[in-house]
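Student: Here it is, the structure in full.
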Amino acid sequence: MDLSEIYTEIIAEHNKSKRNKKQMENPTVVLKGRNPSCGDEIELALKVEKGIIQDASFTGVGCAISQASTSMMIDLVRGQTIEKAQILIDTFLGMIKREITEEDQLEILDEAVALQNISNMPARVKCAVLSWHTLESAITTEKENK
Numbered sequence: 335m336d337l338s339e340i341y342t343e344i345i346a347e348h349n350k351s352k353r354n355k356k357q358m359e360n361p362t363v364v365l366k367g368r369n370p371s372c373g374d375e376i377e378l379a380l381k382v383e384k385g386i387i388q389d390a391s392f393t394g395v396g397c398a399i400s401q402a403s404t405s406m407m408i409d410l411v412r413g414q415t416i417e418k419a420q421i422l423i424d425t426f427l428g429m430i431k432r433e434i435t436e437e438d439q440l441e442i443l444d445e446a447v448a449l450q451n452i453s454n455m456p457a458r459v460k461c462a463v464l465s466w467h468t469l470e471s472a473i474t475t476e477k478e479n480k
């Protein structure tokens, strides 16, 4: 099995997984993200306490890329500080824009590195970054509410 097959498998697994795709009870912030060009829609729920993302989940519909990217992102940010989540967002978006390409810099993205080659498919980039931009807006909203 080559690397691209492994990445395809990771994306498929996250797309099918329901562990992060569920309603959350008592979130501290809920934000909707939408990609009008393809119809992907997510609702991201966060439970933030003392600057730490205690829990995160999402609901919504979309293509395999948007759903998998959201699930991977949630796995990464759950239990992290808001500041660390912002670093993860910046790194992911930098990877997609091809501004960050060094393996050692991308290590922190764990399985989300499987989406690196999406940058070669311009029509799918918005699918991959939808949840990350939504998270960034949710973090900003959370900070403003404190």
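Residue numbers (this note's numbering): 335 to 480.
Even glycine gets a Cβ: it sits at the ideal position worked out from N, Cα and C.
Nothing here was measured: the structure is a model prediction, and the numbers come from that model.
Do the CB positions of Asn423 and Glu470 come within less than 8 Å of each other?
Tutor: Sequence index remark: in the sequence shown, residue 423 carries index 89 (1-based). Sequence index remark: in the sequence shown, residue 470 carries index 136 (1-based). Note on identity: in this sequence residue 423 is Ile, with Asn being the wrong assignment. Yes.
Student: Does the distance between the C-beta of Ser405 and the nearest non-hydrogen atom of the ligand SAM fall short of 7 Å?
Tutor: Judged by which ligands are present, the structure shown has none, so any question about the ligand SAM falls away.
Student: Quick one: Cα of Leu464 to Cα of Ser405, how far?
Tutor: Within the sequence shown, residue 464 is the residue found at index 130, counting from 1. Within the sequence shown, residue 405 is the residue found at index 71, counting from 1. Taking the straight line from one Cα to the other gives about 12 Å.
Student: Quick one, which of Gln388, Glu347, Glu437 and Gly428 has its alpha-carbon nearest Glu359's?
Tutor: In the sequence shown, counting from the first residue as 1, residue 359 sits at position 25. Considering only alpha carbons, the answer is Gln388.
Student: Between which residues of its own chain and Met455 is the CB-CB distance below 6 Å, once the five residues before and five after are set aside?
Tutor: The count along the sequence shown starts at 1 and reaches residue 455 at position 121. Around Met455: no qualifying Cβ.
Student: For the alpha helix (DSSP H) that Ile366 lies in, which residues bound it at each end?
Tutor: For the purposes of this step, residue 366 is taken as the residue at position 32 of the sequence shown. Per the sequence presented here, residue 366 reads as Lys, with Ile not at that position. For Lys366, there is no enclosing alpha helix (DSSP H); the residue is part of the beta strand (DSSP E) that begins and ends at Val363 to Asn369.
Student: Kindly list the residues whose CB is nearer than 6 Å to the CB of Gln439, restricted to its own chain and excluding five residues on each side of it in sequence; keep chain order.
Tutor: To locate residue 439, count along the sequence shown from 1; it is residue 105. Listed in chain order, the non-local C-beta contacts of Gln439 below 6 Å within the same chain number zero, local neighbours out to five positions each way being set aside.
Student: Curious, which full-length alpha helix (DSSP H) runs of at least 4 residues does the region 346-419 contain?
Tutor: 398-411
Student: Give the single residue among Glu478, Ala462, Glu445 and Ile473 whose Cα lies nearest to the Cα of Ile344.
Tutor: One-based indexing of the sequence shown puts residue 344 at position 10. With distances taken between Cα atoms, Ile344 lies closest to Glu445.
Student: Quick check: the region 365-377 against the region 422-436, are at least 3 beta-carbon pairs closer than 8 Å?
Tutor: no
Student: Just reading off the alpha helix (DSSP H) that Asp438 is part of, what are its end residues?
Tutor: What you label residue 438 is simply residue 104 of the sequence shown in a count that begins at 1. Where Asp438 is concerned, the enclosing alpha helix (DSSP H) stretches over Glu437 to Leu440.
Student: Write down the C-beta distance between Arg316 and Ala390 rounded to the nearest angstrom, noting that I regard them as a contact closer than 8 Å.
Tutor: What the structure shows of the chain is the stretch from 335 to 480, and residue 316 is not part of that stretch, so it cannot be assessed.
Student: At which residues does the alpha helix (DSSP H) containing Glu476 begin and terminate?
Tutor: For the purposes of this step, residue 476 is taken as residue 142 along the sequence shown, with counting starting at 1. Per DSSP, Glu476 belongs to the alpha helix (DSSP H) from Pro456 to Glu478.
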